[in-house]
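K.L.:
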Amino acid sequence: MMKKIRIMLIEDHNVFREGLKKLLELEENMAVVAEAGSCREALDILTKDIDVILLDIGLPDGDGIELAGKIKEKYPHIKHVALTTYDDAIFIKKAMECGIKGFVPKYAFFEEIRAAVLMTHRGGTYLYPGLSTNTLLNLADPGLSETDLHILQLLASGKNQKEIAGSLFISLSTFRRRLRDILAKLNVSSVEEALTTAVKKGLI
Numbered sequence: 001m002m003k004k005i006r007i008m009l010i011e012d013h014n015v016f017r018e019g020l021k022k023l024l025e026l027e028e029n030m031a032v033v034a035e036a037g038s039c040r041e042a043l044d045i046l047t048k049d050i051d052v053i054l055l056d057i058g059l060p061d062g063d064g065i066e067l068a069g070k071i072k073e074k075y076p077h078i079k080h081v082a083l084t085t086y087d088d089a090i091f092i093k094k095a096m097e098c099g100i101k102g103f104v105p106k107y108a109f110f111e112e113i114r115a116a117v118l119m120t121h122r123g124g125t126y127l128y129p130g131l132s133t134n135t136l137l138n139l140a141d142p143g144l145s146e147t148d149l150h151i152l153q154l155l156a157s158g159k160n161q162k163e164i165a166g167s168l169f170i171s172l173s174t175f176r177r178r179l180r181d182i183l184a185k186l187n188v189s190s191v192e193e194a195l196t197t198a199v200k201k202g203l204i
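Using UniProt numbering, the first residue of the sequence shown is number 1, and each one after it goes up by one.
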């Protein structure tokens with residue numbers, strides 16, 4: 001017999017939660033084993049016998065992202081899918097850092113929610129198809145090193161190139177080569193553009 005994916009629903013709107021529960025339980029490989037309408041209720045009934053959590057980000061007594069982080073600390077094996085209306089790159093990056101790997105809008109077709117559950121259960125990440133191109137670009141990892149990020153932070157603080165080179169104990173020409181590499185990684189042509197892009201990506 002096929003083992004079912006054990007799902008917990010954390011959603012404060014009862015009608016939406018009940019409707020989603022009925023749709024999920026029509027799936028042969030899924031079962032809703034727990035439900036909660038708030039952060040406190042979720043933490044009270046949470047057990048290790050859950051595979052995937054579908055959670056609302058805006059709960060009446062707290063932030064769904066912070067809740068996911070707390071759950072991840074206690075049960076790192078549980079996967080999380082956020083039911084959200086946000087597609088901001090900084091928001092999604094923060095959510096990912098707290099262990100959320102799936103993002104689906106509440107207005108999505110059930111097939112998207114189903115796909116998110118399956119993908120995250122397998123260890124993948126699911127970003128819903130309607131996510132804007134700009135958001136996807138902002139989520140992309142530019143491959144910057146810790147030193148690259150430190151240089152950007154120093155530039156953002158107002159230090160000039162000679163000062164930064166001195167603080168890194170490298171020559172000005174070496175610093176400028178390093179700076180050109182950073183611009184190339186961010187796909188920009190000036191320091192101003194690099195700083196703007198880094199801020200948008202939540203890098204500095």
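Ideal placement from N, C-alpha and C gives every residue a C-beta, glycine not left out. Keep in mind it's a predicted model, so treat the numbers as computed, not measured.
May I ask which residues mark the beginning and end of the beta strand (DSSP E) holding His-80?
P.N.:
Against the sequence shown, residue 80 aligns to sequence position 80. That run of the beta strand (DSSP E) goes 79–84.
K.L.:
Just verifying my parser: in three-state terms, what is the DSSP assignment at Glu-35?
P.N.:
Translated into the one-based positions of the sequence shown, residue 35 becomes position 35. Looking at Glu-35 - three-state DSSP - the assignment turns out to be strand.
K.L.:
Report the three-state DSSP secondary structure of Val-199 (helix, strand or coil).
P.N.:
Taking the sequence shown and counting its residues from 1, the one referred to as residue 199 is at position 199. In the structure shown, Val-199 sits in a helix (DSSP, three-state: H, G or I).
K.L.:
Pull up the distance between the alpha-carbon of Ile-7 and that of Glu-193, whole angstroms please.
P.N.:
By 1-based counting over the sequence shown, the position of residue 7 is 7. By 1-based counting over the sequence shown, the position of residue 193 is 193. Between Ile-7 and Glu-193, the C-alpha separation is close to 44 Å.
K.L.:
Could you pull the start and end residues of the beta strand (DSSP E) that Ile-65 belongs to?
P.N.:
Your numbering for residue 65 matches position 65 in the sequence shown. Per DSSP, Ile-65 belongs to no beta strand (DSSP E); it is in the alpha helix (DSSP H), 64–74.
K.L.:
Output the boundary residues of the alpha helix (DSSP H) element that contains Gly-19.
P.N.:
Locating residue 19 in the sequence shown gives position 19, where the first residue counts as 1. Element bounds for Gly-19: 14–25.
K.L.:
Rounded to the nearest angstrom, how far is the Cβ of Leu-203 from that of Leu-152, given a contact under 8 Å?
P.N.:
Counting from 1 along the sequence shown, the entry for residue 203 is found at position 203. Counting from 1 along the sequence shown, the entry for residue 152 is found at position 152. Yes, Leu-203 and Leu-152 are in contact; Cβ-Cβ is about 7 Å, under 8 Å.
K.L.:
Ordered along the chain, which non-local residues of its own chain (more than five positions away) have a Cβ less than 6 Å from that of Ile-113?
P.N.:
Position 113 of the sequence shown, counted from the first residue, corresponds to residue 113. So the qualifying residues of the chain are Val-104.
K.L.:
Rounded to whole angstroms, how far is the Cβ of Gly-69 from the Cβ of Gly-99, which I believe are closer than 8 Å?
P.N.:
Taking the first residue of the sequence shown as position 1, residue 69 is located at position 69. Taking the first residue of the sequence shown as position 1, residue 99 is located at position 99. That pair is a contact at about 6 Å.
K.L.:
Pick from Glu-25, Ile-57, Glu-27: whose alpha carbon is nearest that of Cys-39?
P.N.:
Within the sequence shown, numbered from 1, the residue matching residue 39 stands at position 39. Residue Ile-57 is the option with its Cα nearest to Cys-39.
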